[in-house]
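Data first, discussion second: the structure below is written as structure tokens.
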Amino acid sequence: MNEDDALQQITDRLIANIEELFEFKDELETQFQYGERVAYTECLEWIQKFGKAKNLGLDFDIEKRFPL
11 MNEDDALQQI TDRLIANIEE LFEFKDELET QFQYGERVAY TECLEWIQKF GKAKNLGLDF
71 DIEKRFPL
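The working numbering puts the sequence shown at residues 11 to 78.
This is the structure in structure tokens:
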């Protein structure tokens, strides 16, 4: 696996994790879930700063797609 493949896998996993957290409705875990979403969103924003964001499927406004 090269670095581009690894970065794509990381990006895909972060997006899947964020989408999964939007579906979770346990009131007792809300703060923890919010913290996870913030962390995953920040990771995506850092990855987006690389020049290959479009190739990774990150050519969108992350905070609009995944509002905090």
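We put the CB at the ideal spot given by N, CA and C, even for glycine.
Fair warning: this is a prediction, and the values are worked out from it, not measured in the lab.
Between the CA atoms of residue j and residue i - distance to the nearest angstrom
i	j	result
TYR44	PHE70	21 Å
ILE72	ASN12	25 Å
ARG75	ALA63	15 Å
Bounding residues of the alpha helix (DSSP H) (the contiguous stretch that carries residue i)
i	result
ALA63	Per DSSP, ALA63 belongs to no alpha helix (DSSP H) and is neither H nor E.
LEU31	13 to 33
Residue i versus the options, residue with shortest Cα-Cα distance
i	options	result
CYS53	GLU33, PHE32, GLN41 and LEU17	LEU17
ALA26	TYR50, PHE60 and ASN65	TYR50
LEU31	GLU46, ASN65 and LYS62	GLU46
Expected contact under 8 Å - CB spacing of residue i and residue j to nearest Å
i	j	result
LEU24	VAL48	Going by Cβ atoms, the distance from LEU24 to VAL48 rounds to 12 Å, so no, they are not a contact pair.
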